[in-house]
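Quick note: the sequence shown uses the working numbering, first residue -16, plus one each step. What follows is one structure encoded as structure tokens, with my remarks underneath.
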Amino acid sequence: MTNSTIKLIQENIKKYRKQKGLTQLQLSVMAEISKDYVVAIECGKRTPSLKRLIQIANALKIDIKDLFS
């Protein structure tokens, strides 16, 4: 993935999380990942794997393609 794609994904995760009224902790529980991992993704310190993106999209009840657009 390019840096611009990664940044877009990070921004979209945060955007959709906030639209759903979820905290980082709530999203982490729903996606079965650590809160620190969610924070790191949103801050640009971690690049999520496809598996993690699927978990996050499912938790947010969005299609994974929404994270890329």
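Beta carbons are placed, not taken as given, at the ideal position from N, Cα and C, and that holds for glycine.
DSSP places Lys28 outside any alpha helix (DSSP H), giving it a letter other than H or E. Judged by their CB atoms, Thr30 and Ile(-11) are nearer to each other than the 8 Å cut-off.
When the beta-carbon positions are compared, Arg0 and Leu(-9) stay at least 8 Å from each other.
Straight through space, the alpha carbons of Ala42 and Val22 are spaced by roughly 16 Å. The alpha-carbon separation between Ile45 and Ile39 amounts to approximately 9 Å.
Within the same chain, Cβ atoms closer than 7 Å to the Cβ of Lys3 are found at Leu43, the five residues on either side in sequence being excluded.
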